[in-house]
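Colleague: Mind looking over this structure? Questions follow.
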Amino acid sequence: MPNHGYVGNDTSLSWLFRILNVIVAVLIAVGGVIFIITGRFQPIVVGILLLIFTVLILALEISRPWALQSKCEFLFMFIGRGLLYIFLGILNLAPELYHLISGGVVGLIGLLFCIMHFTSFELYARDPHAPAPVHPTVRYPAIDSRYDLPAAYV
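In my numbering, the protein residues as written are 1 to 154.
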């Protein structure tokens with residue numbers, strides 16, 4: 001089955017994306033702790049928000065909570081996770097050197113995830129002269145029958 005923007009498929013590079021997700025979680029966690037240590041109210045709120053997102057990212061790497069699969073579907077696609085990482089990278093930016101570096105790294109990883117949404121692993125493996133693959137659509141009545149999702153997302 002092709003991997004069109006879905007983070008959960010087993011591919012030869014899935015270990016790389018797991019490592020990138022853990023790196024993002026560590027950078028965001030350390031940034032959140034540094035914000036909390038500064039002692040002012042606004043950075044403390046930002047630090048708590050960053051720590052909440054750290055727990056969310058690590059929960060997605062350890063298991064697949066049902067509540068997140070049903071309510072936060074964007075976290076299971078490259079574009080959704082990439083936009084979240086770009087947002088967290090921007091939120092982590094501050095004048096201190098660590099925040100500039102970690103915010104930039106998290107933002108670049110988010111940009112990589114967004115680019116991966118528009119490419120596919122099979123683009124590198126299939127014959128360039130072969131016709132483009134046709135993906136079947138699957139009715140997903142548990143969510144809403146109005147949406148026909150590609151089989152790769154189900």
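Positions of the beta carbon are idealized from the N, C-alpha and C atoms, including for glycine.
Measure the C-alpha to C-alpha separation of Ile23 and Ile57 and round it to an integer number of angstroms.
Modeller: For this step, residue 23 is matched to residue 23 along the sequence shown. For this step, residue 57 is matched to residue 57 along the sequence shown. If you take the alpha carbons of Ile23 and Ile57, they lie about 10 Å apart.
Colleague: Any idea if Ile37 is buried or exposed, counting beta-carbon neighbours within 10 angstroms, 16 or more meaning buried?
Modeller: Stepping through the sequence shown from its first residue, residue 37 is reached at position 37. Ile37 comes out exposed.
Colleague: Just how far apart, CA to CA, sit Ile34 and Tyr85?
Modeller: Along the sequence shown, read from residue 1 onward, the residue named residue 34 stands at position 34. Along the sequence shown, read from residue 1 onward, the residue named residue 85 stands at position 85. Rounded to the nearest angstrom, the two C-alpha atoms are 18 Å apart.
Colleague: Quick one: grab the DSSP three-state call for Glu61.
Modeller: Position 61 of the sequence shown, counted from the start, is the residue given in the question as residue 61. Here Glu61 sits in helix by DSSP.
Colleague: Excluding five sequence neighbours on each side, which residues of the same chain lie with their C-beta closer than 6 Å to the C-beta of Gly107?
Modeller: Stepping through the sequence shown from its first residue, residue 107 is reached at position 107. Excluding sequence neighbours, Gly107 sits near Ile86, Gly89.
Colleague: Quick one, which of Ser14, Met77, Cys72, Asn92 has its alpha-carbon nearest Phe118's?
Modeller: What you label residue 118 is simply residue 118 of the sequence shown in a count that begins at 1. Of the listed residues, the one whose Cα sits closest to Phe118 is Met77.
Colleague: Could you spell out where the alpha helix (DSSP H) holding Cys114 opens and where it closes?
Modeller: The residue labelled residue 114 in the question sits at position 114 within the sequence shown. Run containing Cys114: 97-117, per the alpha helix (DSSP H) assignment.
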